[in-house]
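First comes the structure, then the notes that go with it.
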Amino acid sequence: MMHLIDELKVIPGVVGACIFDTREGLRVTNLPVIFKPERLSVVGKHLAKLYAAGRMSFSDLTDLTLTYDESVIIARELEKNTLIFAICDPSFNHNLLSMSFNLLQEEFKSGGFSSAEAASPMEDQPSPTQQQEPVKPPETVNKSVSPELKQLMEEMKSALAKILGPMAEFVFDEVAEEWVEDGADFSRMESLIGQLEQEIGDEKKAEEYKQLIAPFLKNY
Amino acid sequence: MATAKDFVARINRVDGVAGCLLIKDDGVLLGQTLEDPEVYSTLMLISGGQADDIMHKIGFSYCRHLSFSRLNNRHFYVFPINNYLLGIVQRSDCYIPDMLDAVYRLIGRVSTKRTDVDVSNDEFS
């Protein structure tokens, strides 16, 4: 997968690029080491949210561009849940990069990166999960949400709006969707709350959110 | 003193601008020339917040604008201006650098950031 983004780096003004997966995090980057992978992961998360919000307003959205004083960030969705973003000097050639994104997108779709190469985050480094956990047999997961649980989740979403504002609905739906995929069971509620706390990203606000939802959880 | 509506009207006259809207960072709509401002205003609020978060995380100093490129070439731009957000829909046939230059010039007259012209936020009264 690295060779895909290495081709972008040849374009004048392109500092480097990353491929980010909303479920697995940063997959690969060729940006200078000054851009730490942890920070790029957070940036990827923000870009993915922004891209999804843009897609809600514009179904024909192609690229997302953020122009800062020092640099420009351009993001494109390669496929569902997978985003590529490049960081460039302000003088970069937008049309050339956009065309390269088009080619890369085609190559990504047809190249089968979703199985072999894409399975190892950050290229050849196996993830801790891969190293430690043996392959588990498939389990039956309850993905249907009971009316009571649905009601609780709606209340939790409304409470999140008091903390995050207009972004809450999108954040909650995204996190809840993943949570339901792993089993819509109240016994796993701690995991959903934990994920939401991470999205809030502020200890004080996360505590405030927990206080807001406590009565709903108690009444469930 | 220029009002928000004057500013929006002036931006709307820029060559290449198909329509625009100005909102406060709490979501209050101050002026618009677009038919369905609510479609854009929520996106603008989200954009402003996310662009700021990215800026702080990666260590950049100032966000000039964001743009959402579309297949129909009616790209959408968001310009943070102090406590306000300006949204612009571009005409599909416009020459983007000229449009952006003209918009930046007008923003420079009302913004207290990144400009030599010192005008308070109350300019949009």
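Residue numbers (our numbering), protein chains in the order written: chain A, 3 to 222; chain B, 23 to 147.
Glycine included, C-beta positions come from ideal geometry on N, C-alpha and C.
Rounded to the nearest angstrom, what separates Arg127/B and Glu209/A at their Cα positions? The residue you call residue 127/B lines up with position 105 of the second sequence. The residue you call residue 209/A lines up with position 207 of the first sequence. Going by the C-alpha atoms only, they are around 44 Å apart.
In chain order, what residues of the stretch 60-76 of chain A put their CB closer than 8 Å to some CB of chain B? Phe60, Asp62, Leu63, Thr64, Asp65, Leu66, Thr67, Leu68, Thr69, Tyr70, Asp71, Glu72, Ser73 and Ile75
How would you call Lys51/A, buried or exposed, if buried means at least 16 neighbouring beta carbons within 10 angstroms? Here residue 51/A corresponds to residue number 49 of the first sequence, with the count starting at 1. With 16 or more other Cβ atoms within 10 Å, it is buried.
On the DSSP letters alone, give me the boundaries of the beta strand (DSSP E) that Ala186/A sits inside. By 1-based counting over the first sequence, the position of residue 186/A is 184. Where Ala186/A is concerned, there is no enclosing beta strand (DSSP E), given that its DSSP letter is neither H nor E.
May I ask you to list, following chain order, the residues of the stretch 70-92 of chain B that have a beta carbon less than 9 Å from some beta carbon of chain A? Gly71, Gln72, Ala73, Asp75, Ile76, Met77, Lys79, Ile80, Gly81, Phe82, Ser83, Tyr84, Cys85, Arg86, His87, Leu88, Ser89, Phe90, Ser91 and Arg92
Checking 9 Å against the spacing of the C-beta atoms, do His48/A and Gln112/B come in under that value? Residue mapping note: residue 48/A aligns to position 46 of the first sequence, counting from 1. Residue mapping note: residue 112/B aligns to position 90 of the second sequence, counting from 1. Contact flag unset, no.
Val182/A vs Lys145/A beta-carbon contact at 9 Å: As a working note, residue 182/A is residue 180 in the first sequence. As a working note, residue 145/A is residue 143 in the first sequence. Contact flag set, yes.
Please classify Glu201/A: is it buried, with 16 or more other beta-carbons within 10 angstroms of its beta-carbon, or exposed? As a position in the first sequence, residue 201/A is number 199, starting the count at 1. With 16 or more Cβ atoms within 10 Å of its Cβ, Glu201/A is classed as buried.
Have a look at Phe110/A and Val16/A and give me their C-alpha separation to the nearest angstrom. Against the first sequence, residue 110/A aligns to sequence position 108. Against the first sequence, residue 16/A aligns to sequence position 14. For Phe110/A and Val16/A, the distance between alpha carbons rounds to 20 Å.
Per the DSSP calculation, Arg92/B is bridged to which residue(s)? Translated into the one-based positions of the second sequence, residue 92/B becomes position 70. Beta-bridge pairing links Arg92/B to Leu63/A.
Which residues of the stretch 90-109 of chain A have a Cβ closer than 7 Å to any Cβ of chain B? Give them in chain order. none
Neighbourhood of Glu125/A by C-beta, 8 Å cutoff - its chain only, sequence neighbours within 5 removed: Position 123 of the first sequence, counting from 1, holds the residue named residue 125/A. In this predicted model, Glu125/A has a pLDDT of only 43, less than 50, meaning its place in the structure is not dependable; the value taken from the coordinates is given anyway. Met3, Met4 and Val30, listed in sequence order.
Return the chain-ordered ranges of every alpha helix (DSSP H) run that is complete within the stretch 147-206 of chain A and spans a minimum of 4 residues. 149-166, 170-183 and 191-202
Taking the alpha carbon of Leu6/A as the reference point, which residue from Phe188/A, Val12/A and Leu106/A has its own alpha carbon closest? Indexing the first sequence from 1 puts residue 6/A at position 4. Selected option, being the one with the closest Cα: Leu106/A.
Measure from the C-beta of Val177/A to each C-beta in chain B and report whether the shortest distance is under 9 Å. Along the first sequence, read from residue 1 onward, the residue named residue 177/A stands at position 175. Taking Cβ atoms only, chain B never reaches closer than 9 Å to Val177/A, which makes this a no.
Please report the straight-line C-alpha distance between Ser147/B and Ile129/B, rounded to a whole angstrom. Here the question's residue 147/B lines up with position 125 in the second sequence. Here the question's residue 129/B lines up with position 107 in the second sequence. For Ser147/B, the predicted model reports a pLDDT of 47, less than 50, meaning its position is unreliable and no value from the coordinates is stated.
For Ala163/A and Ala170/A, what's the separation of their Cα atoms in angstroms? Position 161 of the first sequence holds residue 163/A. Position 168 of the first sequence holds residue 170/A. Their backbone Cα atoms lie some 5 Å apart in a straight line.
Beta bridge counterpart(s) of Gly109/B as assigned by DSSP: By 1-based counting over the second sequence, the position of residue 109/B is 87. For Gly109/B, which the question treats as bridged, DSSP gives the partners Leu43/B and Val100/B.
Count the other C-beta atoms from every protein chain shown that fall within 10 angstroms of the C-beta of Leu93/B, then say buried if there are 16 or more, exposed otherwise. Start at 1 with the first residue of the second sequence, and residue 93/B comes out as number 71. It counts as exposed.
Applying a beta-carbon distance threshold of less than 8 Å, which residues of chain A neighbour Asn94/B? Numbered from 1 along the second sequence, position 72 holds the residue referred to as residue 94/B. Near Asn94/B (Cβ distances below 8 Å), the residues of chain A are Asp62.
Could you name the residues of chain A that Leu65/B contacts, counting a contact when the two beta carbons are closer than 7 Å? Taking the first residue of the second sequence as position 1, residue 65/B is located at position 43. Neighbours of Leu65/B on chain A, chain order: Ala55, Gly56 and Ser59.
Counting only C-beta atoms, is His5/A closer than 9 Å to chain B at any point? As a working note, residue 5/A is residue 3 in the first sequence. Cβ-Cβ to chain B under 9 Å: no for His5/A.
Assign Glu57/B to one of two classes, buried (16 or more other C-beta atoms within 10 Å of its C-beta) or exposed (fewer than that). What you label residue 57/B is simply residue 35 of the second sequence in a count that begins at 1. Per the 10 Å Cβ criterion, exposed.
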